[in-house]
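A.B. asks:
Residue numbers (my numbering): 26 to 235.
Dropping the structure here:
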């Protein structure tokens with residue numbers, strides 16, 4: 026891979042990382058309550074992206090194109106999961122506003138450390154159940170690989186994609202965590218929950234329909 030090709034691939038990876046999607050809004054939702062939670066979600070989502078990238082490079086992800094039923098089934102699972110996460114967030118906001126939230130009272134931005142495994146599972150599942158990620162890598166990676174790619178070429182491309190996503194997610198987590206503490210006198214996390222929940226429902230439906 027030439028220097029110009031790597032710069033082009035790096036640019037594509039940055040665009041992929043910063044394009045708003047489920048990971049962006051889930052990162053915002055968790056980070057608004059705890060920067061650590063946002064970082065944990067980012068790490069889990071990055072792991073999911075790493076898996077998809079490896080599957081694309083090894084040809085396994087090509088099965089999504091060869092067997093449309095598999096892609097459709099995974100799409101329904103991923104879309105349904107996003108809708109579930111969105112509805113759950115909206116219900117939690119509603120309960121919190123009524124003073125009966127079990128996870129955190131209004132105005133409390135912190136997320137218990139015991140919730141971090143749940144955050145990690147959410148990030149991993151939401152990433153792995155999005156077949157469009159695999160299809161994206163099938164389209165993105167091959168043009169940047171030489172005719173006889175080496176292991177170094179593969180590692181460089183995968184590390185670039187995952188690295189861009191981790192850097193963006195970490196930065197987003199820090200910013201969201203700080204802003205979430207000051208919005209509306211400390212109720213920022215609930216505002217973020219509500220907005221993120223509604224957007225996740227829309228994204229979940231869009232994943233299935235589009």
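By construction, the Cβ of each residue, glycine as well, lies at the ideal position given by its N, Cα and C atoms.
Since we're looking at a predicted model, the values are computed, not measured.
Given a cut-off of 8 Å, decide if residue 201 and residue 57 are closer than it, judged by their beta-carbon atoms.
C.D. replies: By 1-based counting over the chain shown, the position of residue 57 is 32. By 1-based counting over the chain shown, the position of residue 201 is 176. Result yes, Cβ atoms of residue 57 and residue 201 sit closer than 8 Å.
A.B. asks: Looking only at C-alpha atoms, which of 182, 54, 65, 98 sits nearest to residue 149?
C.D. replies: Taking the first residue of the chain shown as position 1, residue 149 is located at position 124. That would be 65, whose Cα lies nearest to the Cα of residue 149.
A.B. asks: What is the residue span of the alpha helix (DSSP H) that residue 147 lies within?
C.D. replies: Position 122 of the chain shown, counting from 1, holds the residue named residue 147. Residues 141 to 153.
A.B. asks: Leaving out five residues before and five after residue 60 in sequence, what residues of the same chain have Cβ atoms less than 7 Å from its Cβ?
C.D. replies: As a first step, residue 60 is located in the chain shown; it is residue number 35 there, counting from the start. Excluding residues within five positions, the ones whose Cβ falls inside 7 Å are 198, 199, 202.
A.B. asks: May I ask you to report which of helix, strand or coil DSSP gives residue 93?
C.D. replies: If you number the chain shown from 1, residue 93 lands on position 68. In the structure shown, residue 93 sits in a helix (DSSP, three-state: H, G or I).
A.B. asks: Rounded to the nearest angstrom, what separates residue 179 and residue 89 at their Cα positions?
C.D. replies: One-based indexing of the chain shown puts residue 179 at position 154. One-based indexing of the chain shown puts residue 89 at position 64. Their backbone Cα atoms lie some 21 Å apart in a straight line.
A.B. asks: Using a Cβ-Cβ cut-off of 6 Å (strictly less than) and excluding sequence neighbours within five positions of residue 2, which residues of its own chain qualify?
C.D. replies: There is simply no residue 2 to check, as the chain begins at 26 and stops at 235 in what is shown.
A.B. asks: Would you check if the distance between the CB atom of residue 104 and the CB atom of residue 233 is smaller than 8 Å?
C.D. replies: Taking the first residue of the chain shown as position 1, residue 104 is located at position 79. Taking the first residue of the chain shown as position 1, residue 233 is located at position 208. A contact, by the Cβ cut-off of 8 Å.
A.B. asks: Using the C-alpha atoms, what's the distance from residue 97 back to residue 191?
C.D. replies: Stepping through the chain shown from its first residue, residue 191 is reached at position 166. Stepping through the chain shown from its first residue, residue 97 is reached at position 72. Taking the straight line joining both Cα atoms gives about 28 Å.
A.B. asks: Tell me which residues share the same chain as residue 127 and place their Cβ nearer than 8 Å to its Cβ, disregarding the 5 neighbours each side in the sequence.
C.D. replies: Position 102 of the chain shown, counting from 1, holds the residue named residue 127. Any answer about residue 127 is weak, because its pLDDT of 47 lies below 50 and its placement is not dependable; what the coordinates show is given next. Result list for residue 127: 120, in chain order.
A.B. asks: Pull up the CB-CB distance for residue 185 and residue 34, whole angstroms please, since I reckon it's below 8 Å.
C.D. replies: Along the chain shown, one-based indexing puts residue 185 at 160. Along the chain shown, one-based indexing puts residue 34 at 9. Right, the Cβ-Cβ distance comes to about 6 Å (below 8 Å), so this counts as a contact.
A.B. asks: Grouping DSSP H, G and I as helix and E and B as strand, with all else coil, what is residue 45?
C.D. replies: Counted from its first residue, the chain shown places residue 45 at position 20. In the structure shown, residue 45 sits in coil (DSSP, three-state: anything other than H, G, I, E or B).
A.B. asks: Helix, strand or coil for residue 21? Go by DSSP, reduced to three states.
C.D. replies: Outside the modelled stretch of the chain, which goes from 26 to 235, sits residue 21, for which no answer is possible.
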